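Numbering (the UniProt record's numbering), first residue to last: 1 to 170.
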């Protein structure tokens with residue numbers, strides 16, 4: 001069983017983040033979304049150092065806010081992190097031991113009013129726009145350079161532009 005940095009790398013890859021950069025970007029998104037002072041985004045360089053840790057010292061000495069964010073994104077409670085990585089960390093906020101989905105899924109974003117309206121108005125043309133998973137996915141695409149869809153018509157246009165890439169498992 002891998003420990004320390006190797007355990008972090010294995011879990012990151014298992015969770016679908018191919019590179020340290022991918023998970024670092026996700027940490028920034030989640031930090032902006034949650035706005036929790038107990039959790040902090042981390043850089044690709046920080047994560048690479050932690051993943052290279054062979055003794056547990058770097059992970060143990062990382063800021064608690066980074067430890068919590070990393071554990072959250074890897075889908076581990078503080079206890080699971082310690083069991084798998086070998087380093088104890090503070091409790092992880094927003095992590096529910098009663099709901100496995102909360103640990104394995106990214107946080108559900110707030111669905112903008114315009115997108116909800118688009119779901120109602122355009123479901124007769126393509127019912128997929130009203131599907132909760134699709135709306136969450138569309139809302140999660142938050143990096144529009146400061147300006148994204150706002151009105152129902154704009155959300156419909158955005159949906160049409162990415163529709164061919166959307167698949168939903170029921």
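Backbone N, C-alpha and C fix where the C-beta goes; we use that ideal spot for every residue, glycine too. Values in this document were obtained by computation on a predicted structure and should not be read as measured data.
Cβ-Cβ distance between residue i and residue j below 7 Å
i	j	result
residue 86	residue 52	no
residue 42	residue 60	no
residue 5	residue 50	yes
residue 15	residue 40	no
residue 111	residue 122	no
Residue from the options whose Cα sits closest to the Cα of residue i
i	options	result
residue 159	115, 24, 168, 68	115
residue 164	34, 134, 93	134
residue 197	140, 121, 34, 75	This structure gives no information on residue 197, because the portion of the chain shown stretches from 1 to 170.
residue 151	119, 131, 128, 166	119
residue 20	38, 9, 93	9
residue 29	153, 88, 139	139
residue 44	38, 131, 17	17
residue 154	132, 127, 131, 117	117
Buried or exposed by the 16-neighbour rule on C-beta atoms within 10 Å, applied to residue i
i	result
residue 125	exposed
residue 161	exposed
residue 167	exposed
residue 11	buried
residue 101	Only weak support exists for where residue 101 lies, its pLDDT of 34 falling under 50; the coordinates are left without a value.
residue 35	exposed
Span of the alpha helix (DSSP H) around residue i
i	result
residue 113	113-122
residue 127	Segment: none, residue 127 is in no alpha helix (DSSP H) and carries neither H nor E.
residue 5	4-14
residue 36	Segment: none, residue 36 is in no alpha helix (DSSP H) and carries neither H nor E.
residue 158	152-162
residue 48	44-51
residue 40	No alpha helix (DSSP H) contains residue 40, which DSSP labels as neither H nor E.
residue 66	64-74
Span separating the alpha-carbon of residue i from that of residue j
i	j	result
residue 147	residue 3	43 Å
residue 58	residue 47	10 Å
residue 73	residue 27	7 Å
residue 136	residue 63	31 Å
residue 83	residue 156	46 Å
residue 32	residue 93	15 Å
residue 67	residue 149	34 Å
residue 13	residue 37	27 Å
residue 113	residue 54	48 Å
residue 81	residue 95	12 Å
residue 132	residue 88	37 Å
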